[in-house]
Amino acid sequence: MSLTVTHISDEKDLKDMYRLRYKIYCYEWGFEKPEHHPDETISDIFDNNALHYAVKDDEQKIIGAISLILHSP
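Residue numbers (the numbering used here): 479 to 551.
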């Protein structure tokens with residue numbers, strides 16, 4: 479399996495990242511309740527001011543992501 483790291487620059491990848499965040503925050507870590515996110519995504523106020531990067535597998539599925547929040551005065 480080879481992995482690639484890419485800058486998230488389109489709406490589809492951004493939505494996939496929010497879905498992955500939902501799965502992790504709700505089911506793996508238990509930080510959020512699934513019923514609070516009926517669209518099965520989690521985004522926050524920092525996402526609009528961040529650079530997002532994804533780790534993709536051979537099938538181009540996002541298996542990890544990181545968001546670098548930029549400074550705003």
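Backbone N, C-alpha and C fix where the C-beta goes; we use that ideal spot for every residue, glycine too.
Verify whether the separation of the beta carbon atoms of residue i and residue j is less than 7 Å.
i: Glu513; j: Tyr503; result: no
i: Ala528; j: Ser545; result: yes
i: Lys534; j: Thr482; result: yes
Exposed or buried, residue i, counting other C-beta atoms within 10 Å across all chains shown (16 or more means buried)?
i: Ile541; result: exposed
i: Ile486; result: buried
Please determine, among the options, the residue with the shortest C-alpha to C-alpha distance to residue i.
i: Phe524; options: Thr484, Lys493, His549, Asp491; result: His549
i: Glu489; options: Trp507, Glu537, Asn526; result: Asn526
i: Leu492; options: His530, Glu537, Asp536, Ile547; result: His530
i: Ser480; options: Ile547, Glu537, Glu506; result: Glu537
When DSSP builds the beta bridges, which residues end up paired with residue i?
i: Thr484; result: Ala532
i: Ser545; result: His530
i: Ile540; result: Lys534
| Would you call the stretch 488-501 and the stretch 516-526 touching, i.e. three or more CB-CB distances under 8 Å? | These segments touch.
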